[in-house]
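In my numbering, the protein residues as written are 109 to 229. Scroll down for the structure; my scribbles are underneath it.
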């Protein structure tokens, strides 16, 4: 199981820090892989130099939009699809980072409720 169940105690700080670290690594892997895909696409379809391809890919992933407007039909199609992908990647990456935090908060609230019910019984 990826996360502890409702009956388990919440993780300690060190274990939670490790979980957050693994989620940050997953997010970095997603961003890095997406940046590489964007760079290869811009080099292949628009014949941009690698540095310009990096800039365009990074700007799209960051939500700013491309610096160089595409000129070829393939480049325009790639840039449009990559922009849609970048928007979805933002949501996925934010979810990957926020999930352990939200799980910890909800788990602590429910765990505290169960402790209080056990004491009152």
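C-beta: ideal position from N, C-alpha, C; glycine also.
- Per DSSP, reduced to three states, the secondary structure at residue 177 is coil, with no helix or strand assignment.
- The Cβ atoms of residue 150 and residue 168 do not sit closer than 7 Å to each other.
- Going by beta carbons, residue 162 and residue 172 fall outside the 7 Å limit.
- Considered as a whole, the stretch 136-216 harbours 158-169 as its complete alpha helix (DSSP H) runs of no fewer than 4 residues, in chain order.
- By the Cβ-count criterion, residue 177 is exposed, with fewer than 16 other Cβ atoms from all chains shown falling within 10 Å of its own Cβ.
- Secondary structure of residue 129 (DSSP, three-state): helix.
- Closest option to residue 203, judged by alpha-carbon separation, among 174, 126, 132: 132.
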